[in-house]
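Participant: Protein chains in written order, with my numbering: chain A, 55 to 236; chain B, 35 to 135.
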Amino acid sequence: MSLIAILFYVMAVITIGSALFVAYSDNLVRSVFMFFITLFGLAGLYVFAMADFVAITQIVVYVGGILVLILFAFMLSGREAIGRLKHQATKFIGFKNLPSLMLAVLFFIVLLNVISKADFDHLNWTASATAAGNVIAGSDTTTENIGINLMTRYLLPFEAVSILLMMVLMGAAHLSRKEGEA
Amino acid sequence: MIPLSHFLIVSAVLFCIGLYMVVTKHNAILVLIGIELILNAAILNLVAFGKYDKLNNNGQIFAIFAIVLAAATTAVALAIILNVYRRYKTIDPDKVNQLKD
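#1: Just list the alpha helix (DSSP H) runs in the segment 100-137 of chain A, keeping only unbroken ones of 4 residues or longer that don't cross its boundaries, in chain order.
#2: Using 8 Å as the threshold, is the segment 91-105 of chain B in touch with the segment 64-82 of chain B, meaning 3 or more CB pairs across them?
#3: Mind checking if L38/B is an interface residue toward chain A, Cβ cutoff 8 Å exclusive?
#4: A236/A to L152/A, Cα distance in whole Å?
#5: Taking DSSP as the reference, what is the three-state secondary structure of Y86/B?
#6: State the DSSP-derived secondary structure class of T197/A, mapped to helix, strand or coil.
#7: Between A73/A and L48/B, how many whole angstroms is the CB-CB distance? I'm expecting something under 8 Å.
#8: Considering only the beta carbon of each residue, do A82/B and L38/B sit closer than 8 Å?
#9: Identify whether A236/A lies in helix, strand or coil by the three-state DSSP scheme.
#10: Can you tell me the Cα-Cα spacing of L71/B and T184/A, whole angstroms?
#11: Express the C-alpha separation of K232/A and G52/B in angstroms, rounding to a whole number.
#12: Are there 16 or more other CB atoms within 10 angstroms of the CB of F126/A, so buried, or fewer, so exposed?
#13: For the segment 103-120 of chain B, which residues have a CB atom closer than 8 Å to at least one CB atom of chain E, in sequence order?
#14: Please list the partners that M129/A has in chain B, where partner means a Cβ-to-Cβ separation under 7 Å.
#15: Going by beta-carbon coordinates alone, are V57/B and L157/A separated by less than 8 Å?
#16: Is DSSP giving V123/B helix, strand or coil here?
#17: Tell me, to the nearest whole angstrom, how far the beta carbon of M88/A is from that of V76/A; I am working on the premise that it is less than 8 Å.
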């Protein structure tokens, strides 16, 4: 087992463990901060999938943007929302949560079945990509190619996303204004 | 190298944790975190398959777009959550059960 594989499995265990803690914990603040760790672990996994640029984007956008936004939201939504959460004290495998736990586990079994049946390691198109040398190797730098593709091949979706972001900016500001100001 | 199916298994686990959170949690912010977990599972799949496309980077660019869209969704959803809290004084999705006030 090489060092890369060991690091991959350590990263996977960290990601899944912290995600389980997020689902398990009754404390909202703790689960938000454990969600940090899940996102960092996922960024690590992206690096192992040869996507350095996506990993950096993940850290910048998710950890820098979304998590700060979530922290803001639950601090603005007052103490009683957090306090009420503590009162419920739902057990992880309580009677109430049993159906949803079964849903999640059964869906996981379905997904595992699909993954094992589809035999993703020997697909036709991945084999032809490997034969054509179209696979990203560890020594390649992909960022330059992503930039060129973004400005040529994917220019239309890029512009569409920028318009969408502007609309989101206006929409979020409009929604979160004080009521009664027209 | 790490086989593709291991990435897919990790992403399946994350998807199911997210599904569980969306169904069980009594707090809109935690439901939102569950949705983020599901989105991240999907992005992990895109990135894992994107390894086999060095020229066009289809998978990675789609993953970047998905991240941006997730950020936009979260911003609007949190604005809606703040509005719901202001009106109902709770962010439990089960208790928000009327359309007009």
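We treat Cβ as the ideally placed atom computed from N, Cα and C, and that holds for glycine. Since the model is a prediction, treat every value here as computed from it, not as a measurement.
Facilitator: Based on what the coordinates show:
#1: 106-111 and 121-130
#2: yes
#3: yes
#4: With a pLDDT of 48 at A236/A, under the threshold of 50, the modelled position of this residue cannot be trusted; read the value that follows with caution. Approximately 46 Å, taken between the alpha carbons.
#5: coil
#6: helix
#7: 6 Å
#8: yes
#9: Model confidence at A236/A stands at a pLDDT of 48, short of 50, so the residue's coordinates are unreliable; what they give is reported in the following sentence. A236/A falls in the coil class under three-state DSSP.
#10: 31 Å
#11: 32 Å
#12: exposed
#13: Here chain E cannot be found, since the structure's protein chains are A and B.
#14: Simply none; closest approach about 11 Å.
#15: yes
#16: Per the sequence shown, residue 123/B should be read as Lys rather than Val. Coil at K123/B, not helix or strand.
#17: 5 Å
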